[in-house]
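Each remark here refers to the structure printed beneath this line.
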Amino acid sequence: MIPTRTTREWQAADSAHFLHPFTDYQSLARKGSRVITRADNIYLWDSEGHKILDAMSGLWCVNVGYGQRALIDAATQQLAELPFYNSFFQTTTPPAVALAELLAEVTPPQFSHVFFAGSGSEGNDTVVRMVRRYWQVLGQPERQVIISRHNAYHGSTMAGASLGGMAAMHEQGGLPIPNITHIDQPYWVQHGQGMSRDDFGRLAASWLERKILEVGPEKVAAFIGEPVQGAGGVIIPPETYWPEIQKICDRYGILLVSDEVICGFGRTGHWFGCERFGFRPDLMTFAKGVTSGYIPLGGVMVGDRVARVLIEQGGEFEHGYTYSGHPVACAVALANIRLIQQLKLVEHVHDDVGPYLAQAFAQLAEHPLVGTAETCGLMGALLLVKDQAKLTPFDPAVGIGMVCRGHCFANGLIMRAVGDRMIIAPPLVITRAQVDEMVALIRRCLDLTLADAQRQGWLQG
Ligand SMILES: *Cc1c(COP(=O)(O)O)cnc(C)c1O
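Pasting the structure below:
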């Protein structure tokens, strides 16, 4: 059993022993962690008894909300029946088979096979291994290069972080690994001001073709992208971007990989982000929403083009994880996907709360601090600016996003700051009344941030 302790005691033991991910350890030790003790629906409670609206779904994953009985029962029953067996050495388990079957059903028609992993990062490591193997089997081993985007997030293993385009991550540890290269992201505020969004989308896609020609088309294995960049700050591409990317990949025969770790399983109001944006990937990475985060699971959907080559000509694929197809994780994923179907959560986002959130964000756009307010399904981002008309950024030294995030924490709302972009991705089960509650909290935090900016003189100059 886990003992009962005071907040202070938890914090002391935490900083004495626990190295957190993506954390400045001295700063955490000074402030002390926030201790989350329980959750229900879209709310969390901390060790001080504060109730918090979780507008980030944990970490983009708790799509069906907390406390869902079907997932809890699926895990406990499977733990009792068969807590673990591997899928190496020509063995399998019923939950892994049933999940593979259901995934083939809910994903786009080109997918009838899955490779299981333990996380999104491991899924993307699998992508790197698999696309290089594919070209090797086809007798084109020089096709090694994978093109990704700056400010993409594809996980934190060596391959995941290399595919990602986070400069701070590359600086620590000699990344990217060889034969991974990046183009600029389709972020209109950064690269497209003065152009229509549609023209900018075509321009940003053309950077892929330029890179392919620079590298040499005969050396390029694949292009990978998130339909909407999540951790990069909810960067929603123009509608023209992905169809153009598809054409370019087709033109050079390059594999197209959609990292659906955030966008998959209903987040965009479609089952998968590629369906929202009208492209047809050869491989799709998934994790997070596949189990609503109740238990770790990730993997790669393998399209027929690649699966056929690996199955018919590939011999042994020298890759896999102890937990590939973990029976408990697969049982939870099965229950989760069936619940998404039963509750019609994809339709709920597409027809009801998605458009409702879009309307609310259009109103938030009028707040003097907000430069752009965008949503895609149940993802949203507000860019905080000094001058709304000119989209003038704040002095980076101010850290306006962190100031706003501080007010959110203090007012019972979890909203994340990525630079000056304030982002949300609430559980898909959120109701209209709860959207109202969330937006009222956001508005209050924007007002408090504006008051700070006025008091401190951050709006001048
Ligand atoms: C979170 C994330 C990953 C990494 O998943 P982990 O389970 O943390 O390894 C990969 N891709 C995207 C788009 C993500 O958001």
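If you're matching positions, the sequence shown starts at 260 in our numbering and goes up one per residue. All C-beta atoms in this analysis are idealised placements derived from N, C-alpha and C, irrespective of residue type, glycine included.
Could you round the C-beta distance between residue i and residue j to whole angstroms and report it? I think they count as a contact, below 8 Å.
i: LEU637; j: ALA684; result: 6 Å
i: ARG539; j: GLN369; result: 6 Å
i: ILE599; j: PHE524; result: 6 Å
i: GLY201; j: THR544; result: Past the boundaries of the shown model lies residue 201; the chain is included only from 260 to 720, so the question cannot be answered.
i: ALA590; j: ALA376; result: Actually they are not in contact, since the Cβ atoms of ALA590 and ALA376 sit about 17 Å apart, beyond 8 Å.
i: LEU628; j: THR708; result: 6 Å
i: HIS585; j: PHE347; result: 12 Å between Cβ atoms; not a contact.
i: TRP447; j: PRO497; result: 7 Å
Whole angstroms are fine: how far does the CA of residue j sit from the CA of residue i?
i: PRO280; j: LEU287; result: 11 Å
i: GLN488; j: ILE521; result: 9 Å
i: THR499; j: LYS506; result: 11 Å
i: GLU401; j: GLU534; result: 31 Å
i: ASN322; j: GLY720; result: 42 Å
i: PHE536; j: CYS667; result: 31 Å
i: ASP541; j: ALA566; result: 9 Å
i: ILE405; j: ARG297; result: 41 Å
i: VAL605; j: VAL549; result: 13 Å
i: GLY613; j: ALA699; result: 17 Å
i: GLN601; j: HIS626; result: 38 Å
i: ILE311; j: PHE576; result: 46 Å
i: GLN444; j: GLU268; result: 44 Å
i: ALA481; j: VAL568; result: 16 Å
i: GLY716; j: ILE689; result: 37 Å
i: LYS547; j: LEU318; result: 8 Å
i: PRO354; j: LEU362; result: 12 Å
i: GLN618; j: GLU633; result: 10 Å
i: TYR284; j: HIS450; result: 34 Å
If I follow the unbroken alpha helix (DSSP H) through residue i, where does it start and stop?
i: MET697; result: 691 to 715
i: PHE545; result: Careful: PHE545 lies outside any alpha helix (DSSP H), inside the beta strand (DSSP E) at 542 to 545.
i: LYS506; result: 500 to 511
i: CYS533; result: 532 to 536
i: VAL587; result: 586 to 601
i: LYS470; result: 456 to 474
i: MET417; result: 417 to 422
i: LEU628; result: Careful: LEU628 lies outside any alpha helix (DSSP H) and carries neither H nor E.
i: SER316; result: 316 to 319
i: THR266; result: 266 to 276
i: LEU330; result: 328 to 340
i: ALA566; result: 563 to 572
i: MET389; result: 379 to 396
i: ILE295; result: No alpha helix (DSSP H) holds ILE295; the beta strand (DSSP E) holding it covers 295 to 299.
i: GLY639; result: Segment 638 to 643 is the beta strand (DSSP E) holding GLY639; no alpha helix (DSSP H) there.
Sort the options by Cα distance to residue i and report the nearest one.
i: GLY558; options: PHE576, LEU422, TYR582, HIS450; result: TYR582
i: HIS409; options: PRO437, ILE682, ALA490, GLN601; result: ALA490
i: PRO476; options: ILE504, GLN444, TYR511, TYR446; result: TYR511
i: HIS413; options: TRP394, ARG402, PRO435; result: PRO435
i: MET560; options: GLU503, VAL390, VAL698, TRP466; result: VAL390
i: ILE513; options: ALA333, LEU642, LEU467; result: LEU467
i: ILE504; options: ARG526, PHE459, GLY528; result: PHE459
i: VAL274; options: THR265, ARG264, MET260, GLY291; result: It should be noted that the sequence gives Ser, not Val, for residue 274. Ranking THR265, ARG264, MET260, GLY291 by Cα distance to SER274 puts GLY291 first.
i: MET681; options: CYS589, GLY308, PHE620, GLN713; result: PHE620
i: LEU687; options: GLY671, CYS635, MET260; result: CYS635
i: GLU696; options: TYR615, ASP679, ASN438; result: TYR615
i: ILE442; options: LEU709, THR366, ALA411, TYR325; result: ALA411
i: THR265; options: GLU307, THR282, PHE277; result: GLU307
i: HIS469; options: SER455, THR440, ASP457, ARG456; result: The sequence shown places Arg at residue 469, not His. Nearest of SER455, THR440, ASP457, ARG456 to ARG469, Cα basis: THR440.
i: HIS609; options: TYR580, THR527, LEU278, LEU303; result: THR527
From what residue to what residue does the beta strand (DSSP E) around residue i run?
i: ALA376; result: 370 to 376
i: VAL479; result: 479 to 484
i: ILE406; result: 404 to 408
i: ARG539; result: Unbroken run through ARG539: none, as it is neither H nor E.
i: MET681; result: 680 to 683
i: LEU361; result: First-last for LEU361: 353 to 365, but that is the alpha helix (DSSP H), not the beta strand (DSSP E).
i: HIS441; result: 439 to 442
i: LYS310; result: 310 to 313
i: SER286; result: Not the beta strand (DSSP E): SER286 falls in the alpha helix (DSSP H), residues 284 to 290.
i: VAL608; result: Unbroken run through VAL608: none, as it is neither H nor E.
On the CB-based measure, 16 or more other CB atoms within 10 Å of its CB, does residue i come out buried or exposed?
i: ALA426; result: exposed
i: PRO262; result: exposed
i: ILE483; result: buried
i: ARG675; result: buried
i: THR352; result: buried
i: THR651; result: exposed
i: LEU397; result: exposed
i: LYS649; result: exposed
i: SER517; result: buried
i: GLY424; result: buried
i: ALA692; result: exposed
i: PHE653; result: buried
Does at least one heavy atom of ligand 3 sit under 7 Å from the Cβ of residue i?
i: VAL520; result: Among the ligands present in this structure, namely ligand 1, ligand 3 is not found.
Answer with yes or no whether the minimum CB distance from residue i to chain C is below 8 Å.
i: GLU571; result: The structure shown contains no chain C; it is built from a single protein chain.
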